[in-house]
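Everything below concerns the one structure shown next.
In my numbering, the protein residues as written are 134 to 588.
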């Protein structure tokens, strides 16, 4: 614990980050629901769609062998609540080096990564190192790789799974070699670390150094809000809590903890202030946890409101992540534990042919291109603007001579706000919005859920 006057992570600068990450839009892809087949091979055939949408990085949920143990004593509460009767939880690992047969083979992963790279996309895998499955191979082969009580019985960590023993240097070496294996053999571009904060930061710092010797522009993303992550080990942290705040704000939820633009602005500022200077946060409004536990955000609001939320996410600071289907306004139910054998839930690809799906795809394509080409979005500053309206988010992105003013309405009613803009403002990307006048007397007219990017 930090003592009085002790240095905080926010007193230091974040580590430098590979340039490709700053310019990318990440898409989280759960293989089980991405295609009817639920395999790497089938997903590889859909990568062209993601590349066309402007996605620069595909992040796969865990693809290594999950534990098939049927003993519900070792099923997490969420797994039981899912009512899928599926013992194979992707976050309960049986073998860290083996591709789960549900998804395919080593050759299928290699083809998937090669296909993504050929389309100009990076591939990030999910690491589950805090715990393993109750019948994991390492419990037999390396009994001291898991924590045990005084009688020698395996101790469970959170979610009723055996906790790994990071006091054991041999375990650390085993896991780092696991990370090196997938970089060397399959050319993956980085990792997202599950439950990162429960693992010693020194382990991740050591792993980072080893991985950079193989691939200097490797990326690590922490599923945690631990600020010191980005001093040496990580390139970005998750934006915990804010995801639901964002969804509730745009949905106009009656029980929303954040109801006004000023309150949401404050939440973002408070979160960023915890981190080292220049740190990156991966923001999103949907992922495998949120949709499993709370339902799809798309279904909680009008399509146009989700359009505005998507535009805000892709124009905001940090690293934006979409969940597969967000790019086509998919509302199909999702459950982490469902697969083709247990209560199948599959992305509704027909959504891409609806007016809402076509409109959303256009937004994602345009905003992805803007993030790649305009430096204020990839590495510029963000300054909030007082819109004078509780339902309108407004901010300025700038770097050098490149500047964009962003206005996004979460209001179901038309609004008009005053703004200080260039003398001859140009709304170079906008929907349901119009800019009139210029200079100190400019006006931004926003139809319900309209948004505009103005230079």
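Note that the Cβ used here is the ideal one computed from N, Cα and C, for glycine as well.
Worksheet item: Alpha carbon to alpha carbon, what distance is there between residue 568 and residue 550?
Response: About 10 Å.
Worksheet item: Does DSSP put residue 530 in a helix, a strand or coil?
Response: Under the three-state reduction of DSSP output, residue 530 falls in the strand class.
Item to complete: Give the secondary structure of residue 210 by DSSP, where H, G and I count as helix, E and B as strand, and everything else as coil.
Response: Residue 210 carries a helical assignment under DSSP once its states are collapsed to helix, strand and coil.
Worksheet item: Whose C-beta lies closer than 8 Å to the C-beta of residue 113 among residues of the same chain, with five residues either side of it excluded?
Response: This structure cannot settle anything about residue 113, because the visible part of the chain is limited to 134 through 588.
Fill in: As assigned by DSSP and simplified to three states, the class of residue 415
Strand.
Worksheet entry | For residue 546 and residue 565, believed in contact at Cβ under 8 Å, the rounded distance | Wrong, their Cβ atoms sit about 12 Å apart, outside the cutoff.
Discussion item. Please classify residue 411 as buried or exposed, where buried requires at least 16 neighbouring CB atoms within 10 angstroms.
Written reply: Answer is exposed; the Cβ neighbour count stays below 16.
Worksheet entry | Collapsed DSSP secondary structure at residue 185 in the structure displayed | DSSP places residue 185 in helix when its eight states are reduced to three.
Fill in: Inter-stretch contact (C-beta, 8 Å, three-pair minimum) for the stretch 380-395 and the stretch 335-353
Touching, no, given that fewer than three Cβ pairs across the two stretches are closer than 8 Å.
Worksheet item: Quick one: what does DSSP say residue 434 is sitting in, helix, strand or coil?
Response: In the three-state scheme derived from DSSP, where H, G and I count as helix and E and B as strand, residue 434 is classed as coil.
Practice prompt. Report yes if the C-beta distance between residue 168 and residue 179 is below 8 Å; otherwise report no.
Written response: The criterion of a C-beta distance shorter than 8 Å is satisfied by residue 168 and residue 179.
Worksheet item: In the stretch 444-498, which residue ranges form an unbroken beta strand (DSSP E) of at least 3 residues, counting only runs that do not cross its ends?
Response: You should have 452-456.
Item to complete: Please name the residue in 422, 366 and 403 whose C-alpha comes closest to that of residue 377.
Response: The shortest C-alpha separation from residue 377 is found at 422.
Practice prompt. Determine the direct distance from the alpha carbon of residue 358 to that of residue 134, and round the result to whole angstroms.
Written response: Its pLDDT being 43, under 50, residue 134 is placed unreliably in this model, and the coordinates cannot settle the point.
Worksheet entry | Alpha-carbon to alpha-carbon, residue 558 and residue 585 | Their Cα atoms are separated by approximately 11 Å.
Worksheet item: To the nearest whole angstrom, what separates the beta carbons of residue 375 and residue 404, a pair I think is in contact under 8 Å?
Response: At roughly 6 Å, the Cβ-Cβ gap stays under 8 Å, so residue 375 and residue 404 are in contact.
Discussion item. The ligand ZN and residue 436: does any heavy atom of the ligand fall closer than 7 Å to the residue's C-beta?
Written reply: Absent from the structure shown: the ligand ZN. Ligands present: none.
Fill in: Continuous beta strand (DSSP E) assignments of at least 3 residues falling wholly in the stretch 310-339
With a minimum length of 3 residues, the continuous beta strand (DSSP E) runs that stay inside the stretch 310-339 are 323-326.
Item to complete: Would you mind working out which of 254, 260, 252 and 287 sits nearest residue 268, comparing C-alpha positions?
Response: Among 254, 260, 252 and 287, the Cα nearest to that of residue 268 is on 287.
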